[in-house]
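In full-length UniProt numbering, the protein residues as written are 1 to 1124.
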């Protein structure tokens, strides 16, 4: 090979120097020789020794081996392979061997087979390189023998099989030069060579689609070849929802594969590295053969693409004259297809002849896609003439033909941008709206998707023309069109400049220029809510909208006009409900008016649905009745037990608005899913953030013209929360869940890892920016500080209290217990690969136990506690009951805090003052803690304080009335609530003081709870007090809460699973009591942080106390609190 390369280089440097005839003849002789190269001598010798050992072993176990296999026989590679496969299988079937003997023989057979396969592969690779180098030298000499086959064959084999792309490229270039030298030769080999190259190009059916013929009309050989190609497809990947021969869009299948491309690439890389990874069994050999077959197809496709593209660029403008057969293969079938379409001749008769001609058309289009970017500019006019034919081909009944036509248009949009985009914006966009023909819409939408993929940022000047047509198809009746249109729309949004500034395309026809000006206003509104047209309500609203609320209604009206869907995520307390009611009532009114005038089915009045937490259903009905007359919105409060709901279902037709809770919609999804809704509004929509829950799946079954989510916290824990919300709003807009994770979630999370590389960090930033661009047009968020100048301030204060002696004793007893040691072992011993589920439960039981100790000893002291009898005996001697508030630091502090606020008195005397200056909301996580506050503090020590209580025991239908009673009656001093029930959506502006006895470790839930009082309508300064026991787990967790809140303030956030960012020493530090009350320093390394990640990933959300109460019951845990 080295000699041939040197000779070739010599000819290139001195082309006029004559090469000796003897050298040329010797090179030609070498092309006909079959030799073993010295480079495989070691492997070949090892193979002979293993074969002799294998033969000796077979004879030792008296297997009837043929006499021709002598002890010193030298076997070829093929003979050795046959010995280890067919011959061995025949011998084993004849003999009855013991399992141990068969195991020994099988192991030896695998060794022989592995060595034979590797040796054969090395020999073949060397032979291809040497033969191709020799042929290239003869081509460089421009000396061709009378018989060309010895020269052409090595070059073709190299193009087909050479793994090294550089050597493959050299062979391809020399083959093109050989074709040029043979232009005038008779007989001319060029047509046959080019047909073979095109066959190589189309051999990979994962790249070039295959039209399946009717097997009943095919020969046995054709059936076998077709089956082999189908096996090749299955070996490469399994396509979900693969399109059929006539129906569907192939590009969707390609997109589904891309989500798992990285994993498939790694698997393929492992399976194709030098030595086979199989164990040599027949099944593994078949699997390996399928994988290698697919890889071989990819290699020969690459070689053909190099050769054909080089031919187009090397021959320049003379390509049609010098290689007419290549030009004909690329354009003849396309031209015929265009002529039939122009004449109105059908192209969808599914006959065998049509299958064959359609496959030829696919082949020609594939060839055009490859050579198109390399054609000489003087050939561009001829290509431009084919654009109408390509548009006609988009209407073809065959899925594969439409796919290839779309890909060719995508390629040409990059090469001939002006002429191609004129056709795309004219003829192709016209086909997008062809409601009578699914195949036309499928072909057109696939062509636009291909253009978007090829042009990238160069598409920006044309975005203005494409956005609205894609919007129209996002609600298409055909699922494939709908999904791809949503994908296109998402890609267009991602390309839009955030400032709305769109570059103007050059040389547009006059009618397109006028359309550009018209559509540009739409983009301005999409990119900025402030640019939305002012929307005047034509129905009376019993409220004066603030400026920012009118802007919100304008934005909602814009979404309504273009049938878009979005998330209104204004800060809590800014009137999201009122804004939603405005657009809801107005749309119902306009729809009813339109139906009266036209009677068209598309304007027929439909009911709307509001889904919200059970506490808010009554509030929604009240707000609707308060702001809008029943002639516009007539709400039905859909609640109660199943029998009551069955009765309400019969009344639903008399109402145009149904208000129901999430759980009721899930339980009655058969009823709700059967109705076509006008609006579907999810209040506190972050409840469906986990798309895998039954609740989220049920909600996503609802069908509605307009979908709207209201939430003050669109992202609480994970970027994936956003995917689930948009999966409800616009399914497919952010891709499938796997695509979203691959494109956004995984890069963002990896970039936040302490050990991430600079490349991973850059990928994370790019993913975040891309996600920002894609979702921001459909999010509207305003903060109180920005829009409410007249809202009084909210002051948050941490109110520290010292543990009582009894609480200190319980805390310290835990530190000496077996439970503490078990926690140490669980955390310290956890690793990425060794996560003990029982250990994780133990950690959370311990956290829950200490949390209750901080609240009140009564919550943990029961007969199961090992110290119960001793402590109760000690309390009896001191004549102090366990219910004494002196044993609970928080109760004593709460009492003092209420007194400081002027609520209640220290004694039992009657209160002369009926209405106090301040009124308070007291939040607890646990109902049991709420019981203690009510029974041991308010009733025993502050019976002058009037109060109401709102928790899960209050029926949902009665909760709104209770809230109204508190707001309307200033003589009620306190409202006791659990964060789970009272922390969402309620308007509690009657109170100006908020006290958290317990804290939700998800900071968003605490923020939502305190904003029940700090919202529109509040006239007083709101003081928020958080009771925190000093030096305990609670103080440390609150520090984490502040950290998590900082991260979650952005639209995109890392996976803030609370404890996931802590090191091992920090987690263990939660279980110790700081004597000086100081927080432990964060000195953990990134490695220690990673050491518990596997453990923490298996834990549920820390802040969901209801989950621990059911899953991590403390009764058994208490038995482990005995001393070590």
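Beta carbons are placed, not taken as given, at the ideal position from N, Cα and C, and that holds for glycine.
Keep in mind that this is a model prediction, so the values were computed, not measured.
*In the structure shown, what three-state DSSP assignment does residue 321 receive?*
helix
*Any chance you could list the alpha helix (DSSP H) runs of at least 4 consecutive residues sitting entirely within the region 693-729, in chain order?*
694-699 and 719-729
*Compare the C-alpha of residue 807 against each of 858, 317, 758 and 774 and name the closest.*
858
*asked:* Is residue 367 close to chain B? Criterion is C-beta to C-beta, closer than 8 Å.
replied: Within the model displayed, chain B is absent; a lone protein chain is all it includes.
*Run of the alpha helix (DSSP H) containing residue 1003, from where it starts to where it stops*: 1003-1010
*Just tell me which of 651, 310 and 333 has its CA closest to the CA of residue 180.*
310
*asked:* Using only CA atoms, which one of 678, 639, 608 and 679 lies nearest to residue 662?
replied: 639
*7 Å Cβ shell around residue 621 - same chain, five flanking residues per side excluded*: 635, 637 and 659
*Can you check DSSP and say which residues form a bridge with residue 794?*
1022
*asked:* From the DSSP secondary-structure annotation, give me the bridge partner or partners of residue 1029.
replied: 801
*CB-CB length for residue 484 against residue 449, believed under 8 Å*: 6 Å
*Decide if residue 643 is buried, meaning its Cβ has at least 16 other Cβ atoms within 10 Å, or exposed.*
exposed
*What separation, rounded to the nearest whole angstrom, lies between the Cα atoms of residue 1189 and residue 764?*
No statement about residue 1189 is possible, as the shown extent of the chain runs from 1 to 1124 and does not include it.
*Between residue 209 and residue 487, is the Cβ-Cβ spacing less than 8 Å?*
no
*asked:* Quick test of your reading: residue 444 and residue 394, contact by CB under 8 Å. State the CB separation rounded to the nearest angstrom.
replied: 6 Å
*Give the single residue among 705, 599 and 548 whose Cα lies nearest to the Cα of residue 608.*
705
*Go ahead and label residue 869 buried or exposed: buried means 16 or more other beta carbons lie within 10 angstroms of its beta carbon, across all protein chains shown.*
exposed
*Bridge partners - residue 635, DSSP secondary structure assignment*: 657
*Measuring CA to CA, which of 805, 816, 936 and 931 is closest to residue 874?*
805
*Are there three or more Cβ pairs, one per stretch, closer than 8 Å when the region 138-150 is compared with the region 106-124?*
no
*To which residues of the same chain is residue 498 closer than 6 Å at the C-beta, ignoring the five residues directly before and after it?*
Caution is warranted here: a pLDDT of 48 is assigned to residue 498, below 50, making its placement in the model unreliable, and no coordinate value can be reported.
*asked:* Among the candidates 427, 846, 889 and 257, whose CA atom is the shortest distance from the CA of residue 803?
replied: 889
*Thinking C-beta only, is residue 1017 closer than 8 Å to residue 919?*
no
*Looking at residue 119 and residue 211, is the spacing between their C-beta atoms short of 8 Å?*
no
*Leaving out five residues before and five after residue 1202 in sequence, what residues of the same chain have Cβ atoms less than 7 Å from its Cβ?*
Nothing about residue 1202 can be read from this structure; the chain reaches only from 1 to 1124.
*How would you write the range of the alpha helix (DSSP H) that residue 733 sits in, first residue to last?*
Taken as a continuous stretch (DSSP letters only), residue 733 belongs to no alpha helix (DSSP H), as it is neither H nor E.
*asked:* Taking the straight line between their C-alpha atoms, what separation do you get for residue 121 and residue 456?
replied: 41 Å
*Is it a yes or a no for the region 1002-1019 touching the region 928-946, going by three-plus beta-carbon pairs under 8 Å?*
no
*asked:* Using a Cβ distance threshold of 8 Å, determine whether the region 83-97 contacts the region 119-138, with at least three qualifying pairs required.
replied: no
*Reduced DSSP category for residue 683 - H, G, I as helix; E, B as strand; rest coil*: strand
*How long is the line joining the alpha carbons of residue 776 and residue 680, rounded to whole angstroms?*
21 Å
*asked:* Going by DSSP, what residue range makes up the alpha helix (DSSP H) through residue 170?
replied: 165-181
*Near residue 536, which residues of its chain fall below 8 Å by C-beta distance, leaving aside the five closest residues on each side in sequence?*
none
*Within the same chain, show all residues whose beta-carbon is closer than 6 Å to that of residue 556, passing over the 5 residues directly before and after it, in chain order.*
583
*If we ignore side chains and look at the alpha-carbon of each, how far apart do residue 815 and residue 649 end up?*
57 Å
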